[in-house]
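Those protein sequences? They're chains A and B, same order as listed.
Quick note: to get this note's numbering, add 74 to the position in the first sequence (first position is 1).
Quick note: to get this note's numbering, add 510 to the position in the second sequence (first position is 1).
Even glycine gets a Cβ: it sits at the ideal position worked out from N, Cα and C.
Read the structure below first, then the notes.
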Amino acid sequence: MPMRGVDHVGFTVTDLDRTTEWYCEHLGFEPLLRYTNDELGAEVQILRRPDHPLRLSFRRYANGDDEPFSEFRVGLDHFALGVADATELTDWQRRLEGAGIVCGRTDLPGLSIITFRDPDNIQVELCTPLAT
Amino acid sequence: MPDIAGIHHISVTVTDIERSVPWYSEVLGLTKLMDETHPDGSGYAVVLGKPDFSMCVGLHTHSTNERERFSETRTGLDHLSFLVAERAELDAWEERLTELGVQHSPVNDLGAYAVLVFRDPDNIQLEFISMG
Numbered sequence: 075m076p077m078r079g080v081d082h083v084g085f086t087v088t089d090l091d092r093t094t095e096w097y098c099e100h101l102g103f104e105p106l107l108r109y110t111n112d113e114l115g116a117e118v119q120i121l122r123r124p125d126h127p128l129r130l131s132f133r134r135y136a137n138g139d140d141e142p143f144s145e146f147r148v149g150l151d152h153f154a155l156g157v158a159d160a161t162e163l164t165d166w167q168r169r170l171e172g173a174g175i176v177c178g179r180t181d182l183p184g185l186s187i188i189t190f191r192d193p194d195n196i197q198v199e200l201c202t203p204l205a206t
Numbered sequence: 511m512p513d514i515a516g517i518h519h520i521s522v523t524v525t526d527i528e529r530s531v532p533w534y535s536e537v538l539g540l541t542k543l544m545d546e547t548h549p550d551g552s553g554y555a556v557v558l559g560k561p562d563f564s565m566c567v568g569l570h571t572h573s574t575n576e577r578e579r580f581s582e583t584r585t586g587l588d589h590l591s592f593l594v595a596e597r598a599e600l601d602a603w604e605e606r607l608t609e610l611g612v613q614h615s616p617v618n619d620l621g622a623y624a625v626l627v628f629r630d631p632d633n634i635q636l637e638f639i640s641m642g
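Written out as structure tokens, the structure reads:
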């Protein structure tokens with residue numbers, strides 16, 4: 075019973091409107107669904123890319139801590155979205171930097187990565203495919 | 511806007527990487543793909559996944575981590591969702607998680623999809639999902 079892969083990632087954020095605007099403007103996501111889950115005590119925003127099944131789910135908990143994200147705490151370190159190749163990665167870097175987002179770039183043999191932060195300081199990466 | 515191909519990888523911060531690597535390997539059936547030292551010397555990561563790199567999950571340890579228990583209400587990760595082929599596989603996974611003594615929810619049928627939620631040794635929220 076092998077898994078097929080990662081279906082989606084759920085994030086906890088401090089401001090759903092700010093997050094939605096940022097992922098839509100800078101990474102081309104679009105709002106899919108927004109609802110309140112009383113059982114969880116959270117408001118949920120699901121975003122998708124228009125062209126394929128990738129979804130990201132964001133929650134704002136009523137009893138959330140409002141702290142900026144830190145990768146040193148247990149939980150998320152970072153998440154990475156894939157792009158087709160190094161040329162496309164450079165296009166993304168230009169676009170993000172043009173919008174004032176600070177990007178770090180790492181070029182390894184067979185893997186290039188740009189790293190940047192979302193409004194909650196969540197560490198996001200765009201990566202070229204891993205060599206197989 | 512350039513394209514995004516999907517989720518490239520996801521990396522989590524754990525409190526005890528020596529405990530988490532065998533746990534993720536055994537429970538999720540993942541293979542160790544590589545080690546990665548943090549450039550600033552503050553810790554390291556072990557990347558687990560499928561041998562063809564179609565799925566990668568990084569486990570990170572940070573020297574400044576305070577060994578607190580995971581809570582999804584803190585900014586960062588809410589949950590990580592793994593796709594399985596069909597609804598029947600969720601029953602098989604439930605049986606397997608019970609055998610392994612992993613804390614988990616019952617399979618929850620939610621119409622368009624069904625989920626089985628479980629926790630890693632740090633209480634990080636994981637789930638299996640089947641669509642349709």
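In the three-state reduction of the DSSP assignment, L90(A) falls in the helix class, which pools H, G and I. For A624(B), the enclosing beta strand (DSSP E) begins and ends at 623-629.
Counting only runs of at least 4 residues, the region 110-176 of chain A fully encloses the following alpha helix (DSSP H) elements, listed from N- to C-terminal order: 160-172. Under the three-state reduction of DSSP, L185(A) is assigned to strand. For S530(B), the secondary structure class from DSSP, reduced to helix, strand or coil, is helix. Under the Cβ criterion of 7 Å, S521(B) is counted among the residues facing chain A. In terms of Cβ geometry, Y135(A) and T583(B) form a close pair [threshold 7 Å].
In the three-state reduction of the DSSP assignment, H548(B) falls in the coil class, being assigned neither a helical nor a strand state. Inclusion of V537(B) and M77(A) in the CB contact set at 7 Å is not warranted, their separation being larger than that value.
In the structure shown, the three-state DSSP call for R191(A) is strand. At a cut-off of 7 Å, the C-beta of F628(B) has no neighbouring C-beta in chain A. DSSP places V537(B) within a helical segment (H, G or I) once states are collapsed to three. Classified as buried, E637(B) has 16 or more neighbouring CB atoms from the shown chains inside 10 Å of its CB.
In the DSSP annotation of this structure, the continuous segment of the alpha helix (DSSP H) that includes E604(B) starts and ends at 597-609. For H589(B), the neighbours in chain A by C-beta distance under 7 Å run, in chain order, G84. Taking each of S521(B), H518(B), S530(B) in turn and checking the Cα distance to N633(B), the smallest one comes out for S530(B).
Chain B has a Cβ within less than 7 Å of the Cβ of N137(A). With a threshold of 16 other beta carbon atoms within 10 Å, H572(B) meets it and is buried.
For C201(A), the nearest beta carbon of chain B is closer than 7 Å to its own beta carbon.
In this structure, T88(A) and L121(A) do not form a Cβ contact; the two beta carbons are roughly 16 Å apart against a cut-off of 8 Å.
For E637(B), the secondary structure class from DSSP, reduced to helix, strand or coil, is strand.
Along the region 608-625 of chain B, there is no position whose C-beta sits under 7 Å from a C-beta of chain A.
T525(B) has a beta carbon lying within less than 7 Å of a beta carbon in chain A.
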